[in-house]
Amino acid sequence: MDTLAFWLPLALLFLSALIGAVVKRRSCDHCLKKFEGDDTLLPISPDEWRHGSLFVFAQGVELKLVEPPPVMDDGLVDTMILHAAELEKVPYVARRAPAPDTRAGVEWKKARERLLHPPMRDRLKRTALNSYNMLRDSFGQAMKAILGSMSKNSKLAQAKDSDKRLHEMQNSFTELVPNAWEPILEKYRGKQVAVERKVDSGVVCETGILEDYSNKYLLLRDVKVTDKVMRERLLELGGSDLDCYDLLYSRTDTRLRYSMKSG
8 MDTLAFWLPL ALLFLSALIG AVVKRRSCDH CLKKFEGDDT LLPISPDEWR
58 HGSLFVFAQG VELKLVEPPP VMDDGLVDTM ILHAAELEKV PYVARRAPAP
108 DTRAGVEWKK ARERLLHPPM RDRLKRTALN SYNMLRDSFG QAMKAILGSM
158 SKNSKLAQAK DSDKRLHEMQ NSFTELVPNA WEPILEKYRG KQVAVERKVD
208 SGVVCETGIL EDYSNKYLLL RDVKVTDKVM RERLLELGGS DLDCYDLLYS
258 RTDTRLRYSM KSG
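For the sequence shown, the residue numbers in the working numbering are 8 to 270.
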């Protein structure tokens, strides 16, 4: 028995499973992660809104409800779990900024100013991250070529489901790299922009500061809420027209449409 030919397929299959497990545990959306532990509002459906503290996991989120939980046969509901497929249908996640006279409010204002006027360290860090992200496609293609060559030159192809496992491993390597850099969105990070969002009555336009983006979300800070339904719901939860809000928009329903003049 050829020792290398016997063990190499098993080692590669084990490696693919291990990498896949690590990726699934660490693949939380970085924009959604910024709302971790915050008091948020989620429109689960047009007639169902949930309010509570948000906790983010790789395959979904958990919402610790603030509103009086409904009574069930076995007791009171404490948290609500939304799985990944359900979360994709949520058009946005809203977060009210802390009161300005609190420590959290002061930190929120500092973060806002830092976003508008980033120091050199933040600029260098972002440039390095963008350079790293731009290598994603090249990295993925190189890994596929290497793994493909390894499979052809070994007994891997004879292993059961080897093609499927090899494909999973190739995808896992590329998923370890963050989402690719998008030049037009990167240009307007830290700038006042306007987004268009589909609602039942048509399209609404809302302005704010673009803080970050991912494949799934646009994160805007200090948003001027114009959607009547959202404003009414926020007011019901104790907000006011003077409050500031951060919005995490699903890119399925929302597009960055305009840049705004400063001042």
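Where is the CB? At the ideal position from N, CA and C, for every residue including glycine.
Would you report the Cα separation of residue 193 and residue 67, rounded to the nearest angstrom? By one-based count along the sequence shown, residue 193 stands at place 186. By one-based count along the sequence shown, residue 67 stands at place 60. In this structure, the straight-line span from the alpha carbon of residue 193 to that of residue 67 is close to 27 Å.
Tell me the start and end of each unbroken alpha helix (DSSP H) in the stretch 63-125 that is at least 4 residues and wholly inside, in chain order. 91-94 and 110-123
Relative to the alpha-carbon of residue 65, which residue among 39, 268 and 85 has its alpha-carbon at the smallest distance? Along the sequence shown, one-based indexing puts residue 65 at 58. Of the listed residues, the one whose Cα sits closest to residue 65 is 39.
Identify which residue in 98, 41 and 123 has its Cα closest to the Cα of residue 205. Start at 1 with the first residue of the sequence shown, and residue 205 comes out as number 198. Selected option, being the one with the closest Cα: 98.
Name the two residues that bound the continuous alpha helix (DSSP H) containing residue 232. Working through the sequence shown from its first residue, we reach residue 232 at position 225. Where residue 232 is concerned, there is no enclosing alpha helix (DSSP H), given that its DSSP letter is neither H nor E.
Buried or exposed (CB count within 10 angstroms, at least 16 for buried), residue 200: Residue mapping note: residue 200 aligns to position 193 of the sequence shown, counting from 1. Answer is buried; the Cβ neighbour count reaches 16.
So what does DSSP say about residue 242, is it helix, strand or coil? Locating residue 242 in the sequence shown gives position 235, where the first residue counts as 1. Helix.
Pick helix, strand or coil for residue 196, following the three-state DSSP scheme. On the sequence shown, residue 196 is found 189 positions in, with the first residue counted as 1. Correct three-state label for residue 196: coil.
Tell me where the beta strand (DSSP E) around residue 6 begins and ends. This structure does not reach residue 6, given that the chain is present from 8 up to 270, and the question cannot be answered.
Can you say whether residue 220 is buried or exposed, counting buried as having 16 or more other CB atoms within 10 angstroms of its CB? Residue 220 sits at position 213 when you count from the first residue of the sequence shown. The residue is buried, with at least 16 neighbouring Cβ atoms inside 10 Å.
If you follow the beta strand (DSSP E) that residue 50 is part of, which residue opens it and which one closes it? The residue labelled residue 50 in the question sits at position 43 within the sequence shown. Here the beta strand (DSSP E) through residue 50 covers 46-52.
Stretch pair the stretch 105-118 + the stretch 50-60: three plus CB contacts closer than 8 Å: With a cut-off of 8 Å, the stretch 50-60 and the stretch 105-118 do not count as touching, because too few Cβ pairs lie within range.
Could you give the first and the last residue of the continuous beta strand (DSSP E) run that contains residue 261? Taking the first residue of the sequence shown as 1, we reach residue 261 at position 254. Unbroken beta strand (DSSP E) run through residue 261: 261-266.
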